[in-house]
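Asker:
Residue numbers (this note's numbering), protein chains in the order written: chain A, 11 to 250; chain B, 890 to 962.
1) Which residue from A/232, A/239, A/238 puts its Cα closest to that of residue 114 of chain A?
2) Tell me the DSSP secondary structure of residue 35 of chain A in three-state form.
3) My output table needs one value for residue 100 of chain A: the three-state DSSP class, helix, strand or coil.
4) Expressed to the nearest angstrom, what Euclidean distance is found between the alpha-carbon atoms of residue 53 of chain A and residue 37 of chain A?
5) Is it a yes or a no for the region 183-203 of chain A touching the region 160-173 of chain A, going by three-plus beta-carbon pairs under 8 Å?
6) Is the distance from the Cβ of residue 89 of chain A to the Cβ of residue 33 of chain A below 8 Å?
7) Would a C-beta distance cut-off of 8 Å place residue 209 of chain A and residue 118 of chain A closer than the cut-off?
8) In the structure shown, what three-state DSSP assignment does residue 166 of chain A receive?
9) Pop quiz: residue 200 of chain A and residue 180 of chain A are said to be a contact at Cβ under 8 Å. What is the actual Cβ separation, rounded to whole angstroms?
10) Rounding to the nearest angstrom, what Cα-Cα distance links residue 948 of chain B and residue 57 of chain A in this structure?
11) Among the residues of its own chain, which have a CB less than 8 Å from the CB of residue 69 of chain A, if the five just before and after it don't count?
12) Where does the unbroken alpha helix (DSSP H) through residue 206 of chain A begin, and where does it stop?
13) Going along chain B, which residues have a C-beta under 7 Å from residue 82 of chain A?
14) For residue 17 of chain A versus residue 80 of chain A, is the C-beta spacing smaller than 8 Å?
15) Ordered along the chain, which non-local residues of its own chain (more than five positions away) have a Cβ less than 6 Å from that of residue 42 of chain A?
16) Who are residue 224 of chain A's beta bridge partners in DSSP?
17) How about residue 911 of chain B and residue 85 of chain A: do their beta carbons lie closer than 8 Å?
18) Can you tell me whether residue 198 of chain A is buried or exposed, with buried defined as 16 or more other CB within 10 angstroms of its CB?
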């Protein structure tokens, strides 16, 4: 019998999770040293990626967010109890540090979409049409490169602008820029609950400043984007 | 920590129900604490929401179109 792991917490003596977990299984807290992991029994070898299972995972993690700030496990984490004990024992300092980093916070998500055509090809095509094929090819490549650079600069400007708007209101951030794509920016902000209202107002005001951009703003989430210690673990155990 | 947290809200021009689901999937499937080698998922019975999630990585807008087409089918 394996365990399906939902999230990790360290500051709750009792965890009374009322809702069922994956496949309707009861959710319980497995206390290991000073940490607790929300788990349910799981009898299969893999977790089907379905809407219901993903939402069940999210709902269990979400169910403790009112009382604490958990470190969510990624969907599909199946372990034996011994594996879980070994993992927590080996990584306890890092996990406690990570829990301390997110304590009292929630994650807010901002995705920004732009129209690529606004940032493509900053220079018009060369007027001369009697150039050779080689010259025209090089000119086109030059325009492409200039366009890439222009998009990168524009994306960086948006990122800097957004960071300035939420300055002082976030504890941490994870930002991904994709200048070549419509979804140009994905940001996860770690926000102290006491500052959440001010943060939302700041984002709302920022949206008004940039009507040419489309915003997808969601939250509060458990701190999924600030949970992972995967790289440290890989380094320790030599996993590449 | 006794103050309850707001319900998750999504603010956007699009229908929030679809985007809310995709945002949830984006968080649950792409992020979170990983125990190396212990993520065991099955996509044999892949459903369209997972297709939508893959699209979300590159374009939320396209994902919305995919879902809308799916709803029309």
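The C-beta atom is built at its ideal place from N, Cα and C for all residues, glycine as well.
Answerer: On the basis of the coordinates in this document:
1) A/232
2) coil
3) helix
4) 14 Å
5) With the cut-off at 8 Å, the region 183-203 of chain A and the region 160-173 of chain A touch.
6) Annotated as distal: residue 89 of chain A and residue 33 of chain A, with beta-carbon spacing of 8 Å or more.
7) yes
8) helix
9) 6 Å
10) Here residue 948 of chain B scores only 39 on pLDDT, less than 50, and its place in the model is too uncertain to base an answer on.
11) 29
12) In this chain, the alpha helix (DSSP H) harbouring residue 206 of chain A covers 206-219.
13) 921, 922
14) It is a contact, given that the beta carbons lie within the stated cut-off.
15) 95, 98
16) A/123
17) no
18) buried
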